[in-house]
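Trainee: Quick note, the sequence shown lines up with residues 114 to 653 if you use this note's numbering. Backbone N, C-alpha and C fix where the C-beta goes; we use that ideal spot for every residue, glycine too. Remember, it's a predicted structure, so these values are computed and weren't measured experimentally.
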Amino acid sequence: MDHRPAHHWPTRWPAADAAHLLVYPRQMQAIEQAMFDAGMPQAALMEKAALAVSRRVLELLSASDAGRGGSQPVVVLIGPGHNGGDGAVLARELHMAGRDVAVWSPFPRHKPLTAAHLQYLERLGVPRLPEAPKPGGNQLWIDALLGLGQSRPLPAPLAALAHGARLAGQCVWAVDVPSGLDDRHGQPLGACFHSQRTFCVGLYKRGLLQADALDVVGQLERVGFGVPSWALHLVQEQEPLPCGVTAADRATAPWPEPPSAADKYGRGRVLLLAGSQRYPGAAVLAAAGADASGVGAIAMAMGPDVARRVSDGYPHVLNAGADLSPPLEPGPLVWRQLPDLGRYDAVLLGPGMDSSAPFVAHAWEPLQGFAGLLVLDADGLNRLAALPEAEAAAWLRGRHGPTWITPHIREFDRLFPACRRGDPLERAAAAARTAGVTVLLKGPRTAVAAPDGRCWQLLEGVPTAARAGLGDVLAGFAAGRGAMAAAAGDLDHGQLVGAALDHLHAAQQLVREGWRRPSPPMVAERLRQQGEQEGQIGGA
Numbered sequence: 114m115d116h117r118p119a120h121h122w123p124t125r126w127p128a129a130d131a132a133h134l135l136v137y138p139r140q141m142q143a144i145e146q147a148m149f150d151a152g153m154p155q156a157a158l159m160e161k162a163a164l165a166v167s168r169r170v171l172e173l174l175s176a177s178d179a180g181r182g183g184s185q186p187v188v189v190l191i192g193p194g195h196n197g198g199d200g201a202v203l204a205r206e207l208h209m210a211g212r213d214v215a216v217w218s219p220f221p222r223h224k225p226l227t228a229a230h231l232q233y234l235e236r237l238g239v240p241r242l243p244e245a246p247k248p249g250g251n252q253l254w255i256d257a258l259l260g261l262g263q264s265r266p267l268p269a270p271l272a273a274l275a276h277g278a279r280l281a282g283q284c285v286w287a288v289d290v291p292s293g294l295d296d297r298h299g300q301p302l303g304a305c306f307h308s309q310r311t312f313c314v315g316l317y318k319r320g321l322l323q324a325d326a327l328d329v330v331g332q333l334e335r336v337g338f339g340v341p342s343w344a345l346h347l348v349q350e351q352e353p354l355p356c357g358v359t360a361a362d363r364a365t366a367p368w369p370e371p372p373s374a375a376d377k378y379g380r381g382r383v384l385l386l387a388g389s390q391r392y393p394g395a396a397v398l399a400a401a402g403a404d405a406s407g408v409g410a411i412a413m414a415m416g417p418d419v420a421r422r423v424s425d426g427y428p429h430v431l432n433a434g435a436d437l438s439p440p441l442e443p444g445p446l447v448w449r450q451l452p453d454l455g456r457y458d459a460v461l462l463g464p465g466m467d468s469s470a471p472f473v474a475h476a477w478e479p480l481q482g483f484a485g486l487l488v489l490d491a492d493g494l495n496r497l498a499a500l501p502e503a504e505a506a507a508w509l510r511g512r513h514g515p516t517w518i519t520p521h522i523r524e525f526d527r528l529f530p531a532c533r534r535g536d537p538l539e540r541a542a543a544a545a546r547t548a549g550v551t552v553l554l555k556g557p558r559t560a561v562a563a564p565d566g567r568c569w570q571l572l573e574g575v576p577t578a579a580r581a582g583l584g585d586v587l588a589g590f591a592a593g594r595g596a597m598a599a600a601a602g603d604l605d606h607g608q609l610v611g612a613a614l615d616h617l618h619a620a621q622q623l624v625r626e627g628w629r630r631p632s633p634p635m636v637a638e639r640l641r642q643q644g645e646q647e648g649q650i651g652g653a
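(1) Take V561 as the anchor and find which of D605, R181, P631 has the nearest alpha-carbon.
(2) Can you check which of these residues, H513, P138, G238, is closest to F483 by C-alpha distance?
(3) Suppose the cutoff is 8 Å on Cβ atoms and the five residues either side in sequence are ignored; what does the same chain contact list for A613 look like?
(4) With H, G and I counted as helix, E and B as strand and the rest as coil, what does DSSP make of R335?
(5) Can you name the start and end residues of the alpha helix (DSSP H) that F590 belongs to?
(6) Just the Cα atoms here: how many angstroms apart are L158 and F338?
(7) Just the C-alpha distance for Y457 and R168, rounded to the nearest angstrom, thanks.
(8) Mind checking S292: buried by the 16 CB within 10 Å criterion, or exposed?
(9) Looking at the structure shown, is D328 part of a helix, part of a strand, or coil, going by DSSP?
(10) Would you list the residues sitting across from Y317 in a DSSP beta bridge?
(11) In chain order, what residues of the same chain have a beta carbon less than 7 Å from the beta carbon of L386, not counting five sequence neighbours either side?
(12) Can you pull the DSSP bridge partners for P301?
(13) Where does F149 land, buried or exposed, given buried means 16+ other C-beta within 10 angstroms?
(14) Sorted by chain position, which residues of the same chain lie with C-beta nearer than 6 Å to A132's C-beta, five sequence neighbours on each side aside?
(15) Classify P443 as helix, strand or coil using the three-state DSSP reduction.
(16) Using 10 angstroms around the beta-carbon of V189, count the other beta-carbons present and answer buried if the total reaches 16, otherwise exposed.
(17) Could you check where the alpha helix (DSSP H) with A269 kicks off and where it finishes?
(18) Any chance the segment 638 to 646 sits against the segment 594 to 603, with 3 or more Cβ pairs inside 8 Å?
(19) At the level of alpha carbons, what is the spacing between E638 and L203?
(20) Give every residue of the same chain whose Cβ lies closer than 7 Å to the Cβ of R546, excluding the five residues on either side of it in the sequence, and list them in chain order.
(21) Note down, in chain order, each residue of its chain lying with its Cβ closer than 8 Å to the Cβ of G379, except the 5 sequence neighbours on either side.
(22) So the candidates are D130, Q140, N196; which of them puts its Cα closest to the Cα of A162?
(23) Taking the alpha helix (DSSP H) that D642 belongs to, which residues open and close that run?
(24) Near D107, which residues of its chain fall below 6 Å by C-beta distance, leaving aside the five closest residues on each side in sequence?
(25) State the CB to CB distance for the pair A201 and I191, rounded to an integer number of angstroms; the pair is presumed to be in contact (CB under 8 Å).
(26) Throw me the rounded Cβ distance for the P154 and L261 pair, which I believe falls under 8 Å.
(27) Measure the C-alpha to C-alpha separation of V214 and L333 and round it to an integer number of angstroms.
(28) So, D256 versus S308, is the Cβ gap smaller than 8 Å?
(29) Assign V419 to one of three DSSP states: helix, strand, or coil.
(30) Name the one or two DSSP bridge partners that L486 has.
(31) So for C284, helix, strand or coil by DSSP?
(32) Comparing alpha-carbon positions, which option in G381, H618, L494 lies nearest W508?
(33) Is DSSP giving A165 helix, strand or coil here?
(34) Give me the residue from L294, L226, R241, P243 with the minimum Cα distance to L267.
(35) Quick one, are the C-beta atoms of G589 and A474 less than 8 Å apart?
(36) P355 and C532: beta carbons closer than 8 Å?
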């Protein structure tokens, strides 16, 4: 079978622009400094950014007023630096739009720009509160206290106010970064102002996507202010920046289309090694995911009990283990033999297998020599993790074809114990470099890293869909889509991100339709429907 390398996938997807690139605070500051060095006045940049936030806040407040039947008063909490200056401009614009707005700042001194904006607010007649606002009222607080680069806990009075606001359920929106949050690592530094919405100014900050930050950040929304492309390039010359992606980026993901004359085999062939007597449902869910991908032919190598379960729901799935001699027996799949792997474009190994079974070197030799795509998930990863880390990485590097792995954090730690430092993107990237594989590290904001250095992180998640079996659907779907791409001669690491976005979008749609906790079979069925509706699945 021809497993040609990719030729048509763009070297950078999505576009390396301000809407997608993810930065650390120091990188955002370097971008701003590049703009200052080019002649952009600091005052002009502050005004530009704050006006962009103001427009968005006014849009949201207008929509909220329609539902409330009245105007919600606003208090802007203003800090001493330029984040406070953004807040002062925001307060000015709210006042000029006729909103009921007041400001409060507990700091005796402010940077000159911020002090000038506060002075102008006083001249406009915007009230400046002498004491901290009381939590629990119907006011909206806008947190413009500290912004980027926080590394110390809040001062005691602010920490007490943040704690009281949290207990009272106070509605808070944050400008750039909620106060009290380390935006480099995404760790609360103590008490934080928990925001229902955070306006990320300029570019997305990586720390705001980390698991410990999500409850503090609330709904994350980027507000652009026209960062020039050359400023982005200057930073990217120092180190490549990862991309953040949402379900909306599915529209530009260039999945290869099979030729019009392609038969079922020309649309990709995938072999699923999944399921066991203990977890027969995992094989069913992996088959459901593969079926939803639109791949031309699906085969499974499984014992007779699991085969019956799969054939009940998916009679078109071939049991490739039925013709083996001696036949596969019920119980853990240990592959005394495997079907001819050269017939397949992709192989999925792992969902629902027996995690206690050892790594058997000779049984894995055909998989290492397989020239097509190997997708490792769940117990496939756990078996490989039975080896010392260096040996497992060497086995992966020795593969004759591309490899995608889809661990959750515990599986990842077992396989790559030396890659436990950093955020999910950093950890996934370290493992991808070490083992020469594409890593999809599942979590609240899934991270993907390719061995060529490209990295992505999903900016959205569906926490209520995080249920046992959902990963089996994703693994089957990714293997099916990968098989289709390989058959078309256009397999690329970035396609694993596209599969994850399709999977995310399916769960999102179900939640929007009122299914609060969509089940894995529901997600698989929605994936199939998406493919049909979007014209991705045609006749064989």
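Mentor: For this structure:
(1) D605
(2) Residue H513 is the option with its Cα nearest to F483.
(3) L553, T559, V561, L571, L587, A591
(4) strand
(5) 583 to 600
(6) In a straight line, the C-alpha of L158 is about 8 Å away from that of F338.
(7) 54 Å
(8) buried
(9) In this structure, D328 counts as helix in the three-state DSSP scheme.
(10) L135
(11) Taking L386 as the centre and dropping the five residues before and after it, the same chain places the C-beta of A414, L446, V460, L461, L462 closer than 7 Å to its C-beta, in chain order.
(12) Per DSSP, the beta-bridge partners of P301 are L294.
(13) Classification of F149: exposed, given that the 10 Å Cβ count is below 16.
(14) Once the five neighbours on either side are set aside, A132 has no close Cβ partner at all.
(15) Low per-residue confidence applies at P443: pLDDT is 45, beneath 50, and the placement is therefore not dependable enough to give any value.
(16) buried
(17) 269 to 281
(18) no
(19) 46 Å
(20) P564
(21) If the five residues before and after G379 are omitted, its C-beta is found closer than 8 Å to the C-beta atoms of P371, P372, G409, A600, all from its own chain and listed in chain order.
(22) N196
(23) It should be pointed out that residue 642 corresponds to Gln in this sequence rather than to Asp. Looking at the DSSP string, the run of the alpha helix (DSSP H) that includes Q642 is 633 to 646.
(24) No answer is possible for residue 107: the residues shown for the chain start at 114 and end at 653.
(25) 6 Å
(26) So it is not a contact: roughly 19 Å between Cβ atoms.
(27) 23 Å
(28) yes
(29) helix
(30) A459
(31) coil
(32) L494
(33) Of the three classes helix, strand and coil, the one that applies to A165 here is helix, per DSSP.
(34) Checking every option, the nearest Cα to that of L267 belongs to L294.
(35) no
(36) Contact flag unset, no.
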